[in-house]
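Worksheet for the structure shown next.
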Amino acid sequence: MTEVTAPQPDAPAPRRRWPMRLFKGLLAALLAAVILVVGGMSILLLTFDPNQYKATLIQVVQEREHRTLTLPGTIELTLFPPLTLRTGPFSLSERDSPAVFARADDLRLHLDLFALLRRKLVVDRVVMIKPQIHVARDAQGRLNFADLLPDSKPESAPPRSPLGLSVHRLQVEQGVLFYDDDKAKLHGQLDGLDVGLSGLDGGNAGAFHLETTARFVQPALATRIALRGKLLADTAQHSVVLTDLALSAQGDVPGLKAMQTQLNADQLGLRTGSMWALTTRQWRIKTTGRTESGENLSAQISLPTLEAKGDTVQIGPLDASAEIGAVQALQLQCKAQQAAGAWSALRVPVAQCDVQRGAAGKTGAMRLTLASPLQLDLTHAHYVLPAIKLSGQLTPGAKPQTLALQGNAQYDGGANGPMNGPTAQFQLQGLVAGSGMKLSGGWAQPDTLRLDVNADRLNLDDWLPPPAAQPKAAAPASIDLSAFQKLGLGAQFKIGSLLFKGMQWSAVQGQLTSDRKTLALQPFTAQGFGGSVDANLRVNLAQQQYTLQQSGRDVSVQPVLQALVGKDFLLGKANWTMNLSAQGKTLPALIASLSGKARLDVRNGAVKGFNLAQMLRNARALLAARKDGQFAATPGEQTDFTALGATFVLQNGVANNSDLMVQSPLLRVGGEGWFDLPRQRLDYLLLPAVVGSLRGQGGADLAVLRGVTVPVRIAGSFAQPSYTVLWSQAGGNLLKQTLKNTLQNELQKQLAPAQAQPLQKGVPGLFKGLFP
1 MTEVTAPQPD
11 APAPRRRWPM
21 RLFKGLLAAL
31 LAAVILVVGG
41 MSILLLTFDP
51 NQYKATLIQV
61 VQEREHRTLT
71 LPGTIELTLF
81 PPLTLRTGPF
91 SLSERDSPAV
101 FARADDLRLH
111 LDLFALLRRK
121 LVVDRVVMIK
131 PQIHVARDAQ
141 GRLNFADLLP
151 DSKPESAPPR
161 SPLGLSVHRL
171 QVEQGVLFYD
181 DDKAKLHGQL
191 DGLDVGLSGL
201 DGGNAGAFHL
211 ETTARFVQPA
221 LATRIALRGK
231 LLADTAQHSV
241 VLTDLALSAQ
251 GDVPGLKAMQ
261 TQLNADQLGL
271 RTGSMWALTT
281 RQWRIKTTGR
291 TESGENLSAQ
301 ISLPTLEAKG
311 DTVQIGPLDA
321 SAEIGAVQAL
331 QLQCKAQQAA
341 GAWSALRVPV
351 AQCDVQRGAA
361 GKTGAMRLTL
371 ASPLQLDLTH
381 AHYVLPAIKL
391 SGQLTPGAKP
401 QTLALQGNAQ
411 YDGGANGPMN
421 GPTAQFQLQG
431 LVAGSGMKLS
441 GGWAQPDTLR
451 LDVNADRLNL
461 DDWLPPPAAQ
471 PKAAAPASID
481 LSAFQKLGLG
491 AQFKIGSLLF
501 KGMQWSAVQG
511 QLTSDRKTLA
521 LQPFTAQGFG
531 GSVDANLRVN
541 LAQQQYTLQQ
551 SGRDVSVQPV
561 LQALVGKDFL
571 LGKANWTMNL
581 SAQGKTLPAL
591 IASLSGKARL
601 DVRNGAVKGF
611 NLAQMLRNAR
621 ALLAARKDGQ
631 FAATPGEQTD
641 FTALGATFVL
651 QNGVANNSDL
661 MVQSPLLRVG
671 GEGWFDLPRQ
681 RLDYLLLPAV
691 VGSLRGQGGA
701 DLAVLRGVTV
711 PVRIAGSFAQ
721 PSYTVLWSQA
731 GGNLLKQTLK
741 NTLQNELQKQ
751 LAPAQAQPLQ
761 KGVPGLFKGL
771 FP
């Protein structure tokens with residue numbers, strides 16, 4: 001018997017599932033289409049061989065750009081991941097030259113596959129591996145890649161690609177950029193160039209970075225540079241905007257060692273095209289380092305705004321400050337008011353710089369203020385200060401010196417011609433330390449400083465710092481003339497009254513020139529102390545060899561010697577000539593090498609420190625004893641003369657003399673000996689002879705010596721010489737002269753004058769050889 005199950009009226013009926021099936025069907029169809037399209041594209045890409053077009057590409061580059069493209073490897077196209085085109089190593093030559101302009105180990109283009117389906121060429125990332133690019137500019141300012149720029153093409157409009165090209169990111173790894181600029185005289189390279197750029201598609205801002213090491217030989221620098229921020233580039237609007245900029249640089253640059261610079265900016269915007277524009281916001285720069293002389297330097301600059309559109313520019317107020325040194329630091333503060341106008345005619349109402357150093361009134365202190373309107377021609381790099389006011393106070397020596405000058409100045413950056421360099425000129429006049437002064441000069445090419453100084457009076461003693469105490473063991477200071485090897489100089493000066501080391505000179509004038517090989521002061525003339533002085537000085541800068549030609553006429557020599565060497569051992573009116581040479585980098589070295597010839601003639605003067613006539617008194621007793629007499633220099637004593645003349649021959653700092661001639665009513669003095677200038681010692685033999693009579697005490701003794709030569713030796717140090725009267729050598733001279741005088745007197749008594757004259761001439765030879 002069959003069992004029948006009764007229907008259950010409460011059970012639910014089965015649900016209809018066709019929407020889900022429809023969704024699954026559509027999804028499956030879509031996936032099938034994608035697979036079909038991608039698979040078809042993959043088959044197309046896999047079967048596409050880009051190497052078939054290498055020869056064509058090389059030929060097109062040669063024909064259109066006159067450059068040689070080399071692709072020695074195999075161009076690869078890989079599908080996953082992602083779609084990538086790799087060129088392998090390649091190089092591109094200079095135009096019409098085999099020299100390499102650019103090369104790289106590899107170039108990779110990461111493409112967007114789905115963008116290709118929409119007929120758009122989207123390069124998600126361009127990667128260059130170890131690129132090397134040589135950028136050069138000749139003396140006329142022509143760049144070696146100018147022919148590759150769009151503006152250099154003869155076509156009126158570039159050909160449009162059927163595909164819309166878009167690049168999202170650029171990456172450079174281990175690059176090197178060689179830079180040679182003959183016009184700006186810059187030669188060097190950027191090593192280890194690492195660049196990452198995103199935000200190139202015009203959508204959202206992307207991060208970017210740049211790191212490299214700049215190594216230049218002209219100028220010499222080695223600096224590590226890092227730049228980071230955000231970038232947004234819009235090719236349709238021809239604009240680039242950089243935000244949150246942070247640049248750091250560390251290393252050595254010309255004039256600054258161990259430099260550390262930090263630049264921060266909120267924004268830098270640039271738009272190219274017919275309506276170009278440049279915008280900056282909140283630029284701040286801080287720099288620290290050490291100058292070539294070893295002093296610490298810190299500086300900072302802030303510029304709130306700068307906006308340029310077409311031919312106009314607007315610059316916000318500029319604030320800059322700097323500090324150099326630790327002890328008595330030099331502080332500089334500059335401000336410029338906001339300015340607006342055309343690039344070629346920008347006017348700054350007031351620009352002012354304040355310079356401060358040390359405490360007021362102390363030696364080395366400085367308080368100066370320079371203010372003037374500023375006229376800028378930024379197109380031609382021409383700047384003018386039309387109404388300068390320079391005022392303040394300097395304390396170079398013991399007393400403060402005030403300045404109140406007015407004038408103008410201008411600078412030309414040399415933008416008017418490829419061969420022109422920067423030039424500048426200035427004119428100032430007013431009061432300096434209460435004396436009228438005119439200053440003018442400038443900077444000329446090639447690197448030459450011109451200066452013209454005209455002053456009513458000048459007290460150099462007030463401008464020279466007090467002499468510093470030198471330790472006994474301190475090495476002599478070096479004479480540094482290296483600055484004159486780096487720049488040319490053409491200076492002239494006229495000073496009505498000059499005070500130097502207590503010496504008052506008038507009508508002082510001269511010219512100081514340098515051609516980087518020779519420094520010359522010629523001619524130099526001055527009047528003072530009843531006479532005049534002129535000189536010519538030439539210095540061979542490479543060898544530091546000095547040549548001096550100097551002469552003086554009718555000069556009271558005592559105050560000059562007192563001022564220069566601190567001793568007034570010689571009095572009288574002097575004429576002199578010198579033709580000397582020396583070589584060395586220190587003053588002792590110059591004295592030790594001093595060579596040449598000098599001549600000195602003095603009238604109606606005296607030699608201080610000893611009285612030669614007094615030394616010869618008591619002649620009879622000293623002659624009888626044949627005993628030499630020693631004396632020391634005695635203050636207040638002096639030997640008077642009517643004329644003194646001597647010629648000196650110098651060799652390696654030692655002056656020799658053998659023709660001394662001193663005349664006075666009582667004495668005739670000859671002499672010979674040497675003066676060792678480096679050792680400050682002398683050995684000199686005076687040969688005085690009594691020719692006149694001396695009345696008073698000791699006069700009879702001196703009469704015995706009439707016509708007799710009594711040697712006197714001066715020896716020892718310049719500071720404390722000793723004097724020795726050599727009576728032991730004077731006895732023979734006395735006997736010979738006595739017999740001669742006696743015989744001549746007897747002949748005159750016995751013979752007529754006409755008969756005695758020929759015999760008198762023969763008398764001196766009668767006793768030749770009989771006496772020592």
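Residue numbers (the working numbering): 1 to 772. C-beta atoms are modelled at their ideal positions from N, C-alpha and C, and glycine is treated no differently.
So, at 7 angstroms on beta carbons, what are the nonlocal neighbours of residue i in its own chain, with the 5 sequence-adjacent residues on each side left out?
i    : result
D447 : L487 and G488
W343 : D311, V313, L378 and T379
Can you find the residues in the same chain that come closer than 8 angstroms, C-beta to C-beta, to residue i, ignoring five residues on each side of it along the sequence?
i    : result
G441 : Q425, F426, L449, R450, L451, D452 and A491
A477 : T586 and L587
Q218 : K185, L186, H187 and G188
G364 : Q328, R357, G358, T395, P396 and P465
L197 : R169, L170, Q171, G206, F208 and L231
Pick from the options: whose alpha carbon is nearest that of residue i?
i    : options                   : result
V557 : L590, M437, A475 and D601 : D601
D462 : K362, P400 and A258       : P400
D181 : D138, T212, A613 and P82  : D138
V508 : G502, G496, F500 and L481 : G496
P386 : A398, V348 and S658       : V348
L306 : K286, E295, Q337 and L499 : Q337
Q59  : D105, Q52 and L69         : L69
L245 : N408, D456, Q614 and W283 : W283
D515 : Q485, K573, M437 and L594 : Q485
T272 : E672, R681 and H238       : H238
With C-beta atoms as the reference, is residue i less than 8 angstroms away from residue j?
i    : j    : result
T525 : R538 : no
G251 : E292 : no
V172 : L193 : yes
Y723 : F610 : yes
H168 : R125 : yes
F90  : H134 : no
A633 : P721 : yes
A540 : K494 : In the sequence as displayed, the identity of residue 540 is Asn instead of Ala. For N540 and K494, no; Cβs fall outside 8 angstroms.
A606 : T577 : no
R86  : E76  : yes
F773 : R67  : The structure shown does not extend to residue 773, since the chain is modelled only from 1 through 772, so no value can be given for it.
A322 : A299 : yes
V122 : D112 : yes
V350 : L332 : no
Residues in the same chain with beta-carbon distance under 6 angstroms from residue i, minus the five sequence neighbours each way, listed in chain order, please.
i    : result
D676 : V654
A592 : G653 and P678
G392 : R367, L368, T369 and L403
L376 : L346 and Y383
G413 : A381 and P422
L512 : A491 and L521
L270 : V240 and L278
Y411 : Y383 and A424
L431 : A404
N656 : V649 and W674
G73  : G88 and P89
What is the DSSP secondary structure of residue i, reduced to helix, strand or coil?
i    : result
S728 : helix
Q429 : strand
A381 : coil
E65  : helix
P446 : coil
F484 : helix
H209 : strand
W283 : strand
K54  : helix
D105 : coil
G404 : For the record, residue 404 in the displayed sequence is Ala; it is not Gly. Looking at A404 - three-state DSSP - the assignment turns out to be strand.
P721 : strand
V348 : strand
W463 : helix
Inter-stretch contact (C-beta, 8 angstroms, three-pair minimum) for the stretch 541-552 and the stretch 565-573: no
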